[in-house]
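Undergrad: Residue numbers (my numbering), protein chains in the order written: chain V, 1 to 348; chain B, 1 to 99.
Yeah, the Cβ is synthetic: ideal placement off N, Cα and C, and Gly gets one too.
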């Protein structure tokens, strides 16, 4: 039995050898080993890299300034850099010696590296060389498996790096929500929204129906506070705080001053409303119907993203870059309005 | 949270504000109703901003807040002048330019 199997194997080998040596068949027995072979004659011939070959990641050691940007950007944190400062000779004779960062260690843990190239993209220090290829086609996976010392070394390096990163720029850590707390947060958000909305609608209706002017101003405070709470609920922290500062802090006080200065009688009084209110009710109902219809048909059950929090820094970035011209225009408008208000209200 | 719940609340507030502008005779109360309308717009801006994950909604809401503050300042100054001249902030009496 064993002999038959061996003969079969020899047959396969022989057939393949013949096919390799004479790719045109035995009728034209011209040896052409380079055409039929799947291997290349390495030192003389080099395999062309496939079109999507991504090469290896390496370092231009001379260009490296030990800025750690590549290590910090790496999604896997698989780049290990150590360096030290040293003094270099001054540029001009008689100048002060320059300080220069010198790299001691640059290691990429290729067991973790996924060749994303993020470390390469923004800067030129780390290079991706398509012509340089790893000797093995597979990633070397042994570093994390076999050698215990290497593993310890890697872990220590990663901890050091984490500490360094958290000192300089806090790395974004993935939010650790369990599904239950996310659901709970959603329910809590919806309950909060319901309560705020009910209070706001009640206060708004009282605002436009009460006959006491000061009460109207206080209901306005409630509505404005509700709007601020909604802003916070939507993650717009800066706008929420501004709402409280500007509206409740300044505008309402302005209204109260207006009420007092115009000496409107405070308390139940006639003459706050028109006698015929039905047209106003109809107009408001029409507005509400049309708007709500449009909104419901337009945005059926579109969900807000779960975490929509925005930071003040983002708002500032946007205002002072994209919207700098409108911002300046609004500033001038505010100044003009305040001067205008003073001019209008000034006694001669 | 649904986008719609914010939009509908904003629409309701807007309509209430419209009612207030139309039904009130006291100038200060009309200005308050206008604030209500502007706030409804702001809710919309921020809601759409977070819906499309853009910061622009918030920036525009800030602009609206600024303009609203300017509007209140000028509006109240005008009301003050009106009161000084006519001893009343009743808007139905401010019909000097009526033909």
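CA-CA distance, residue 100/B and residue 89/V?
TA: This structure gives no information on residue 100/B, because the portion of chain B shown stretches from 1 to 99.
Undergrad: Within this structure, are the beta carbons of residue 47/V and residue 56/V separated by less than 8 Å?
TA: no
Undergrad: Under the rule that 16 or more other beta-carbon atoms within 10 Å means buried, what is residue 119/V, buried or exposed?
TA: buried
Undergrad: Specify the secondary structure class of residue 170/V as computed by DSSP and reduced to three states.
TA: Confidence at residue 170/V is low in this model, with a pLDDT of 47, below 50, so its placement is unreliable and no value can be given for it.
Undergrad: Which stretch, first to last residue, makes up the beta strand (DSSP E) that contains residue 84/V?
TA: 79-88
Undergrad: Are residue 14/B and residue 291/V closer than 8 Å when you measure CB to CB?
TA: Cβ distance < 8 Å, so residue 14/B and residue 291/V count as in contact.
Undergrad: Can you give the beta carbon distance from residue 204/V to residue 210/V, rounded, assuming they're within the 8 Å contact cut?
TA: No, residue 204/V and residue 210/V are not in contact; Cβ-Cβ is about 11 Å, not under 8 Å.
Undergrad: According to DSSP, simplified to helix, strand and coil, what is residue 8/V?
TA: helix
Undergrad: Could you tell me if residue 38/B is buried or exposed, where buried requires 16 or more neighbouring beta carbons within 10 angstroms of its beta carbon?
TA: buried
Undergrad: From the DSSP output, which residues share a beta bridge with residue 103/V?
TA: 83/V
Undergrad: Near residue 196/V, what residues of its chain come up, given a Cβ to Cβ distance below 8 Å and the 5 sequence neighbours on each side ignored?
TA: 226, 229, 230 and 233
Undergrad: Roughly how many whole angstroms lie between the Cα atoms of residue 104/B and residue 206/V?
TA: With chain B covering only 1 through 99, there is no way to say anything about residue 104/B.
Undergrad: Taking the alpha helix (DSSP H) that residue 59/V falls in, what are its first and last residues?
TA: From DSSP, residue 59/V is part of no alpha helix (DSSP H) but of the beta strand (DSSP E) over 56-59.
Undergrad: Counting only Cβ pairs nearer than 9 Å, list the residues of chain B close to residue 321/V.
TA: The premise fails here: residue 321/V is roughly 11 Å from chain B at the closest Cβ pair, so nothing lies under 9 Å.
Undergrad: Hey, could you find the ends of the alpha helix (DSSP H) residue 258/V is sitting in?
TA: In the DSSP annotation of this structure, the continuous segment of the alpha helix (DSSP H) that includes residue 258/V starts and ends at 252-261.
Undergrad: Quickly, what does DSSP pair residue 108/V with across the bridge? List them, please.
TA: 79/V
Undergrad: Please identify the residue among 323/V, 273/V and 202/V whose C-alpha is closest to the C-alpha of residue 9/B.
TA: 202/V
Undergrad: State the start and end residues of the unbroken alpha helix (DSSP H) segment that holds residue 326/V.
TA: 324-345
Undergrad: Do you know offhand how far residue 22/B's Cα is from residue 52/B's?
TA: 34 Å
Undergrad: Would you be able to state if there are at least three C-beta pairs under 8 Å between the segment 72-87 of chain B and the segment 329-342 of chain V?
TA: yes
Undergrad: With H, G and I counted as helix, E and B as strand and the rest as coil, what does DSSP make of residue 301/V?
TA: coil
Undergrad: Are residue 18/B and residue 287/V close, meaning C-beta to C-beta below 8 Å?
TA: yes
Undergrad: Can you give the Cα-Cα distance for residue 48/B and residue 236/V, rounded to whole angstroms?
TA: 12 Å
Undergrad: Is the beta carbon of residue 89/B less than 8 Å from the beta carbon of residue 27/B?
TA: Inclusion of residue 89/B and residue 27/B in the CB contact set at 8 Å is warranted, their separation being smaller than that value.
Undergrad: For residue 225/V and chain B, any beta-carbon pair shorter than 8 Å?
TA: no
Undergrad: Which residues in chain B have a C-beta closer than 8 Å to the C-beta of residue 314/V? List them in chain order.
TA: 55
Undergrad: Could you give the distance in angstroms between the alpha-carbon of residue 250/V and the alpha-carbon of residue 214/V?
TA: 16 Å
Undergrad: For residue 307/V, which of helix, strand or coil comes out of DSSP?
TA: coil
Undergrad: Touch check for the segment 252-264 of chain V and the segment 321-332 of chain V: three-plus C-beta pairs under 8 Å?
TA: no
Undergrad: Given this structure, state the Cα-to-Cα distance separating residue 41/B from residue 60/B, to the nearest angstrom.
TA: 10 Å
Undergrad: Compute the beta-carbon to beta-carbon distance between residue 2/B and residue 198/V, rounded to the nearest angstrom, for a pair I have assumed lies under 8 Å.
TA: Not quite, the Cβ-Cβ distance comes to about 16 Å (not below 8 Å), so this is no contact.
Undergrad: Using the beta-carbon of each residue, which ones in chain V are nearer than 7 Å to residue 90/B?
TA: 271
Undergrad: Under DSSP, the alpha helix (DSSP H) around residue 317/V begins and ends at which residues?
TA: 312-319
Undergrad: What residues from chain V crowd round residue 61/B, counting only those whose CB sits closer than 9 Å?
TA: Within chain V, the C-beta atoms nearer than 9 Å to that of residue 61/B come from 231, 236, 239, 242 and 243, in chain order.
Undergrad: Confirm, please, whether the CB-CB distance from residue 224/V to residue 255/V is below 8 Å.
TA: no
Undergrad: At a Cβ cut of 9 Å, what residues of the segment 16-38 of chain B count as close to chain V, listed as they run along the chain?
TA: 16, 17, 18, 19, 20, 21, 22, 23, 24, 25, 26, 27, 28, 29, 31, 32, 33, 35 and 36
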